[in-house]
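K.L.:
Residue numbers (our numbering): 1010 to 1286.
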């Protein structure tokens, strides 16, 4: 019975990835920009890939920036700061009426409970769990991320160029690592693409399962984060794709007396506007 309970809990943790932060429940806090999108994220487990990364604090101050004149009309000659400013202005302008779509794809799931039994059951159910996650694609209003706090230092790579009447902006963000308690709109990735946030608050909604999150070793990494948008002549984001791979690692997690030694998963997270770009 305990194996089944633990199995169900792991399944719930995966499904949480698509149900956390329900848009109808979202509220704006003093640590967040008032223009947060109503997307939904949650939790899982995972292996990792390495690269430059930045850890985030649970709280940060919103920085409102002022618009400065571009040094040139050619976006390819803009400084990184000018590109970021142009993107932020477009995101703010687009946010009230933007229609975004969120899709997630489970590409890996490994559970190790020591004797292998739970991992075996999970392997059998993996296709069903993946199907549940992938069927939970949905639309939401707004532009993803805490973009009012976005700065050039959040990115590894920034470029802009003209494509007909459009301005195209492409950014590769610095990878980010979060612990159990995090801010969904903070950090190098969170400023551009909403991240998981506070895992403990999500699991607290399931009191029937005794999940000892606080004593577990949990790190959630956001790898390969990229942003690509097409901005029209009126300054609105007409098409865009924001994506990363959520790469959590959970170790020594006690679930109703069952010790999960290690849980790994990879979930590709993709947001699009206007069908993507």
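A virtual CB, placed ideally from N, CA and C, is assigned to each residue, including glycine.
Bear in mind that the values here come from a model prediction, so they are computed numbers and not experimental data.
What does residue 1198 pair with, by DSSP beta-bridge criteria?
P.N.:
Its beta-bridge partners do not exist; DSSP assigns none.
K.L.:
Quick one: Cα of residue 1244 to Cα of residue 1207, how far?
P.N.:
Cα-Cα distance, rounded: 33 Å.
K.L.:
Which one of 1222, 1119, 1187, 1276 has the shortest CA to CA distance from residue 1265?
P.N.:
The shortest C-alpha separation from residue 1265 is found at 1222.
K.L.:
Report the partner residues of residue 1096 according to the DSSP bridge assignment.
P.N.:
For residue 1096, which the question treats as bridged, DSSP gives no partner whatsoever.
K.L.:
Quick check for students: name the residue ranges of the beta strand (DSSP E) that lie wholly in the stretch 1156-1195, counting only runs of 3 or more.
P.N.:
With a minimum length of 3 residues, the continuous beta strand (DSSP E) runs that stay inside the stretch 1156-1195 are 1164-1172, 1175-1182, 1184-1187.
K.L.:
Just to confirm, is the Cβ distance from residue 1279 to residue 1236 under 9 Å?
P.N.:
Contact flag unset, no.
K.L.:
Under three-state DSSP, which class holds residue 1239?
P.N.:
Reduced to three states, the DSSP call for residue 1239 is strand.
K.L.:
Exposed or buried, which one is residue 1103 when buried takes at least 16 other CB atoms within 10 Å?
P.N.:
The residue is buried, with at least 16 neighbouring Cβ atoms inside 10 Å.
K.L.:
Report the CB separation of residue 1200 from residue 1155 in whole angstroms; it is logged as a contact under 8 Å.
P.N.:
5 Å between Cβ atoms; contact.
K.L.:
From residue 1033 to residue 1090, what distance separates their C-alpha atoms?
P.N.:
Here residue 1033 scores only 26 on pLDDT, less than 50, and its place in the model is too uncertain to base an answer on.
K.L.:
Pick helix, strand or coil for residue 1261, following the three-state DSSP scheme.
P.N.:
Correct three-state label for residue 1261: strand.
K.L.:
Report the option in 1283, 1189, 1169 whose CA atom is closest to the CA atom of residue 1248.
P.N.:
Comparing Cα-Cα distances from residue 1248 to each of 1283, 1189, 1169, the minimum goes to 1283.
K.L.:
Within 10 angstroms of the Cβ of residue 1184, are there 16 or more other Cβ atoms? Answer buried if so, exposed if not.
P.N.:
With 16 or more other Cβ atoms within 10 Å, it is buried.
K.L.:
Are residue 1256 and residue 1113 touching if we call contact CB-CB under 9 Å?
P.N.:
No, Cβ-Cβ distance for residue 1256 and residue 1113 is not below 9 Å.
K.L.:
Consult DSSP for residue 1090 and reduce its assignment to one of helix, strand or coil.
P.N.:
Correct three-state label for residue 1090: helix.
K.L.:
Can you confirm whether the stretch 1080-1099 touches the stretch 1160-1171 when touching is taken to mean that 3 or more C-beta pairs between the two stretches lie within less than 8 Å?
P.N.:
Because the criterion of three Cβ pairs below 8 Å is met, the stretch 1160-1171 and the stretch 1080-1099 touch.
K.L.:
Counting along the chain, where does the beta strand (DSSP E) carrying residue 1280 start and finish?
P.N.:
1267-1282 is the span of the beta strand (DSSP E), which, as asked, contains residue 1280.
K.L.:
Excluding the 5 residues flanking residue 1170 on each side, which residues of the same chain have their C-beta closer than 6 Å to its C-beta?
P.N.:
So the qualifying residues of the chain are 1084, 1085, 1177.
K.L.:
By Cβ distance below 8 Å, which residues in the same chain neighbour residue 1175 in space, the five residues on each side in sequence not counted?
P.N.:
The residues are 1239, 1240, 1241, 1242, 1247.
K.L.:
Using the three-state DSSP reduction, which class does residue 1285 fall into: helix, strand or coil?
P.N.:
Residue state, collapsed to three classes: coil.
K.L.:
In angstroms with no decimal places, state the Cα-to-Cα distance between residue 1106 and residue 1254.
P.N.:
Rounded to the nearest angstrom, the two C-alpha atoms are 27 Å apart.
K.L.:
Using a 10 Å radius around the Cβ and a threshold of 16 neighbouring Cβ atoms, would you call residue 1030 buried or exposed?
P.N.:
Confidence in residue 1030 is poor, its pLDDT being 37 and thus under 50, which makes the residue's placement unreliable; the coordinate value appears in the next sentence. With 16 or more Cβ atoms within 10 Å of its Cβ, residue 1030 is classed as buried.
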